[in-house]
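To convert, take the position in the sequence shown, counting from 1, and add 882; that gives the working numbering. Yeah, the Cβ is synthetic: ideal placement off N, Cα and C, and Gly gets one too.
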Amino acid sequence: MDTDKEGLLEFIKNGRQVELHFDDVQSDEDGYMKWDTEYWSSLDKGKFIRTYSLNDKHSSEFTHYNISDMEVNFRPDKAAEVRLS
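As structure tokens, then:
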């Protein structure tokens, strides 16, 4: 399927989960968390959650975002593969 970042956000808003799979391990600013897959879902109309996994092991860590945060934090252009679930 061919879509852009805005199209993926619409999928999330409509109840789909978007998975971003990376070739390289990602890390937070402090080096506390490491992941190679992000799972983006909608909690409410303008609220989003990102969960993580590394080597197919899911983390209990998560982060919440509002729609204005998505411009900076939701980066499908950096992923090696994007999946809808």
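For residue i, the nearest candidate out of the options (CA to CA)
i	options	result
residue 887	947, 958 and 923	958
residue 897	906, 905, 920 and 930	930
residue 932	946, 905, 926 and 938	946
residue 899	953, 921 and 910	921
residue 963	908, 910, 904 and 938	904
residue 952	928, 885, 934 and 919	928
residue 907	954, 938 and 925	938
residue 955	926, 925 and 910	910
residue 914	925, 965, 944 and 961	944
residue 961	919, 934 and 925	919
Beta-carbon separation (whole angstroms), residue i vs residue j, contact threshold 8 angstroms
i	j	result
residue 901	residue 942	That belief does not hold up - the Cβ atoms of residue 901 and residue 942 are roughly 18 angstroms apart, past 8 angstroms.
residue 890	residue 916	So it is not a contact: roughly 23 angstroms between Cβ atoms.
Helix, strand or coil at residue i [DSSP, three-state]
i	result
residue 950	helix
residue 916	strand
residue 927	coil
Residue i and residue j closer than 9 angstroms at C-beta
i	j	result
residue 949	residue 923	no
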